[in-house]
Amino acid sequence: MAIAKLSEQLINQIAAGEVIERPASVVKELLENALDAGATRVDVRLEQGGVRLIQISDNGSGIYRDEMPLALSRHATSKIASMEDLEALHTLGFRGEALPSVASVSRLSLTSMVEGERNGWRLTGDGSDVFREAAPASHPVGTTVEVRDLFFNVPARRKFVRTERTEYNHCENVIRTQAAACPEVAFSLRHNDRVTLDLPAAADPAERVCALLGDAFLEHATPVEEQRAGLELSGWLGSPTQSRAQPDQQFFFVNGRAIRDRVLAAAVRKAYQDVLYHGRHPMFVLDLQLDPTQVDVNAHPTKQEVRFRESRMVHDFIFHSLHKALAALRPGDSGHAAAVPDTGAPSAVGRPGPMPAQAERPLSGLGAPGAGGGYTPPREPRPEPVGRDPGFGAAWAAFRGASAVAEDRPAAYAHPVAAAPGVATADPDADSMPPLGFALGQVAETFILAENARGLIVVDMHAAHERITYERLKREWEGARVTSQPLLVPEALDVTPAEAELAEERAELLGELGFELDRAGPETLTLRAAPALLRGQDTAQLVRDVLADLSADGYSHRAEGAMNAVLGTIACHGSVRSGRRLTLPEMNQLLRDMEATERSGQCNHGRPTWVELDHSALDRLFLRGR
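Taking the working numbering, the leading residue of the sequence shown gets 635, the next gets one more, and so forth.
Following this line, the structure appears as structure tokens:
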């Protein structure tokens, strides 16, 4: 074929193939245009999942009549005028840049009115590159874009459209994401003439988060506010106990733009790696603010991926901010305990039997038990719900007294354990009860029952001790730095020429990780030393993985992850196991250790270490007060 210039319509349809993947892509582009126009309210109407109709109305600044044809022309925008504007972009997109692509694969109608004008104007098209003359139309200040019969003239693309329900879900997710980024803007969604989403403007971002993710998320979430080196991170981190099977409740914004970025994803994943059960995904709403010149938002046609100039700095800032927030969680913080499902029906509870005698064996790692038994600190009586026998408390106290429970603080609590640096330990002179309360006994020689000011605490003693031991081992290992061990027989590694050059360039970093590598040829490395902790493991494959990460991202957590895995195994095998009877002082010592340990809500496999049944939950179990 001879070289020929493509028609304007075909050029727009090719561009649509890059930008318009499905109806949700149209919704995203039009929402960004509305928000860039200063809209404070956006109304979306869909039919058949957006395939038959997408209508988006806003109360923004509107478009003048003589600019409407330009808005439907390629490479026409009101947002940039020079390369400097492009490099420091403050808007979500380019008004008019996506409209020609949408108009080329649909029947589009653009209606708009500018404040101060007598009436609005409407411009329509039928999928060709020719548009009718703008005609007067009744319309309030703002813009309405109506997209009908998406892909009607591109049958090949229409075949890839999924079911109505699937396409609607994608559209709704786009709207919810934009609503999370702009709480000050009201959003509404109608599907097939039924209101499915109504989000009024919120003065407080927390209100919008509650509306999107529910009250339970915010109740258990950890707020994040960090600033450093021109970077600012704010938002909420979901509790590890609120993890999900899919990453469908994760909102990450960069300068208000919803993005998917592997640098940020890797930082979040690493921050949660020690507290999430395998295969689970955290919930979060996070917004990163930085100088627009430090991020390229045009790295992807749909602007859902970005490129950072200092990706390593951004990664480390995100990781350390989230790591700090998760590590600061302690028993007693809101939502730190795993939630206990409320079945709404009473449980079948057997008749209580005699408490087994406590074994007097010392518990390794928990400190020496004191001479005291249990402890019931004095406190104000809790208001009794309707129907509770007022004499019950006195009867229970008499029973506890008959069980020879000492009215002293146990030695395990009087001498709190040493905590991590910067972590406050329990104050032995404090009048208030500690967050995890005091031990009552064991169940099945596996779980510790304790009572605190709010109700009943149930602790998995192996999981709790495993986390305590694991954090202690990590602190000791980090304090001693990574120790390299020379190999008795150096090992030759076959790598690519690029990996061999990278090993030479990053020799200092690899040395900090405990690896000593020499280049023995264009495609050969010699491994002479490896981290002593990883003795017996496949260190050659680990080196290859580290080099692959360094090549792709500029950093790697493989070595650290492998070391933590070894420490986790040591902690698991070195922790108290099910079937071990503990004394009350040993149980109390474990509770105090948990209160002073980072991430003590989960073991290093991500399982919860304790749950709490507050007084109201106990009342519901037995239908009290109903």
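Note that beta-carbon positions come from the ideal geometry of N, C-alpha and C, so glycine has one too.
Check, Outcome
"Would you report the Cα separation of Arg1258 and Ser1250, rounded to the nearest angstrom?", "9 Å"
"May I ask you to report which of helix, strand or coil DSSP gives Met747?", "strand"
"Sort Val909, Glu1085, Arg891 by Cα distance to Gly1071 and report the nearest one.", "Glu1085"
"Taking Ala1078 as the reference, which of Leu1216, Ala1126, Ala1166, Pro1165 has the closest Cα?", "Leu1216"
"Quick one: grab the DSSP three-state call for Leu784.", "coil"
"Skipping 5 residues on each side, what residues in its chain have a beta carbon closer than 7 Å to that of Leu898?", "Phe886, Ile952"
"How long is the line joining the alpha carbons of Leu1074 and Leu1083, rounded to whole angstroms?", "5 Å"
"Measuring alpha carbon to alpha carbon, tell me which of Ile637, Pro1120, Asn787 ends up nearest Ala1166.", "Pro1120"
"How is the beta strand (DSSP E) around Ile1091 delimited, first residue to last?", "1089-1094"
"What are the residues that DSSP puts in a beta bridge with Thr1160?", "Ala1126, Asp1152"
"Which runs of the alpha helix (DSSP H) spanning at least 4 residues fall entirely within the region 817-871, listed in chain order?", "839-847, 849-854"
"Apart from the five residues on each side of it in sequence, which residues of its chain come closer than 7 Å, Cβ to Cβ, to Arg792?", "Phe785"
"Going by DSSP in three states, Ile724 sits in which element: helix, strand or coil?", "Sequence inspection shows His at residue 724; the Ile mentioned does not correspond to that position. Coil at His724, not helix or strand."
"With three or more C-beta pairs closer than 8 Å as the rule, is the region 798-811 touching the region 819-827?", "yes"
"Pair every Cβ in the region 1106-1113 with every Cβ in the region 1198-1212, then say whether three or more of these pairs are closer than 8 Å.", "yes"
"Where Glu859 and Thr927 are concerned, what is the direct C-alpha to C-alpha distance, given to the nearest angstrom?", "22 Å"
"What number of angstroms, rounded off, separates the C-alpha of Leu1224 from the C-alpha of Arg1214?", "14 Å"
"Ala1126: which of Thr1173, Arg741, Ala710 sits nearest, CA to CA?", "Thr1173"
"Shortest alpha-carbon distance to Leu920 belongs to which of Glu944, Ala855, Arg914?", "Ala855"
"Let me confirm a value: Arg1261 is counted as buried when at least 16 other C-beta atoms fall within 10 Å, else exposed. Which label applies?", "Shown here, the chain extends from 635 to 1260; a query on residue 1261 therefore has no answer."
"Can you tell me whether DSSP reads Pro794 as helix, strand or coil?", "One detail in the question is off: residue 794 reads as Phe in this sequence, not Pro. Coil."
"Is it the case that the region 864-882 contacts the region 901-916, given that we only count it when at least three CB pairs across the two stretches are under 8 Å?", "yes"
"Per DSSP, Arg914 is paired with what?", "Answer is none; Arg914 lacks a bridge partner."
"Ignore the nearest five residues each way along the sequence and tell me which others in Leu1201's own chain have a CB closer than 7 Å to its CB.", "Tyr1104, Leu1107, Lys1108, Trp1111"
"For Gln847, which of Ala813, Pro1219, Ala837, Gly754 has the nearest alpha-carbon?", "In the sequence as presented, Gln is not what sits at residue 847; that position holds Leu. Checking every option, the nearest Cα to that of Leu847 belongs to Ala813."
"Let me check you understand the geometry: is the CB of Gly759 closer than 7 Å to at least one non-hydrogen atom of the ligand NAP?", "This structure lacks the ligand NAP, and indeed carries no ligand of any kind."
"Using the Cβ count rule (16 or more neighbours within 10 Å means buried), how would you classify Gln1076?", "buried"
"Would you report the Cα separation of His949 and Phe942, rounded to the nearest angstrom?", "10 Å"
"With respect to the beta strand (DSSP E) encompassing Ser691, which residues constitute its N-terminal and C-terminal limits?", "687-692"
"In the DSSP assignment, what are the bridge partners of Thr777?", "Asp692, Ser746"
"Which class does Glu1085 belong to by DSSP, given the choice of helix, strand or coil?", "strand"
"With DSSP as the reference, please indicate the residues paired to Asp921 in a beta bridge.", "Ser868, Phe887"
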